[in-house]
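Have a look at the structure below before the remarks.
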Amino acid sequence: MTGGQTVYMGSSVDPTEANARISLIQCTVKQIQVSSSVAPGTGESFTYTLMKNGTADSTFVVTAENSNQSGSISDSTGLAFSNGDFISLRLVTSSGASSAHHSFSIKID
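For the sequence shown, counting from 1, position 18 maps to 129 in the numbering used here; every step adds exactly one.
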């Protein structure tokens, strides 16, 4: 992925959230971890946001800036999902960010 893009990650990587989302059973997301193959670069960032049913969740946002290639965020309460809800992860790269491969994991209880 190159700089200056927004994509959604889930069952695939796509600029349209509905094309990447995954359907879940009842569960609670407790943590997300993200990483990239290279850092975004000085003054640049990769911002990852958990999406529930197409809406960004402000609790689960991780930003990797400058020389950082990874990050995570946990929440003891978590974000509850019901049967049939959808999940994806939005990735926004700043305009001058390095091209990189991105990966994520989600802890679900």
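Glycine residues also receive a C-beta, built at the ideal position from the N, C-alpha and C atoms.
Cβ-based neighbour list, residue i, same chain, cut-off 6 Å, excluding 5 preceding and 5 following
i: Ser199; result: Tyr119, Gly121, Glu128, Ala131, Arg132, Met162
i: Asp196; result: Leu135, Asn164
Cut-off 8 Å between Cβ atoms - residues of its own chain near residue i, not counting five sequence neighbours on either side
i: Thr174; result: Ser156, Phe157, Thr158, Tyr159, Gly182
Cβ-based burial, residue i [other Cβ within 10 Å; buried from 16]
i: Thr113; result: exposed
i: Pro151; result: buried
i: Thr72; result: The chain is shown from 112 up to 220; residue 72 falls before or after that span and cannot be answered.
i: Ile136; result: exposed
i: Thr166; result: exposed
CB of residue i within 8 Å of CB of residue j, strictly
i: Ser134; j: Gln180; result: no
Residue range of the unbroken alpha helix (DSSP H) whose run includes residue i
i: Ala150; result: Neither: Ala150 is in no alpha helix (DSSP H) and is coded neither H nor E.
Residue range of the unbroken beta strand (DSSP E) whose run includes residue i
i: Ala131; result: Where Ala131 is concerned, there is no enclosing beta strand (DSSP E), although the alpha helix (DSSP H) it sits in stretches over 128 to 131.
i: Gln213; result: Per the sequence shown, residue 213 should be read as His rather than Gln. Segment 213 to 219, the beta strand (DSSP E) holding His213.
Chain-order list of residues whose beta-carbon lies under 7 Å from that of residue i (same chain, five-residue window excluded)
i: Asp125; result: Val118, Tyr119, Ala131
Cβ of residue i within 8 Å of any chain C Cβ
i: Asn194; result: Absence of chain C from the displayed structure is noted, only one protein chain being present.
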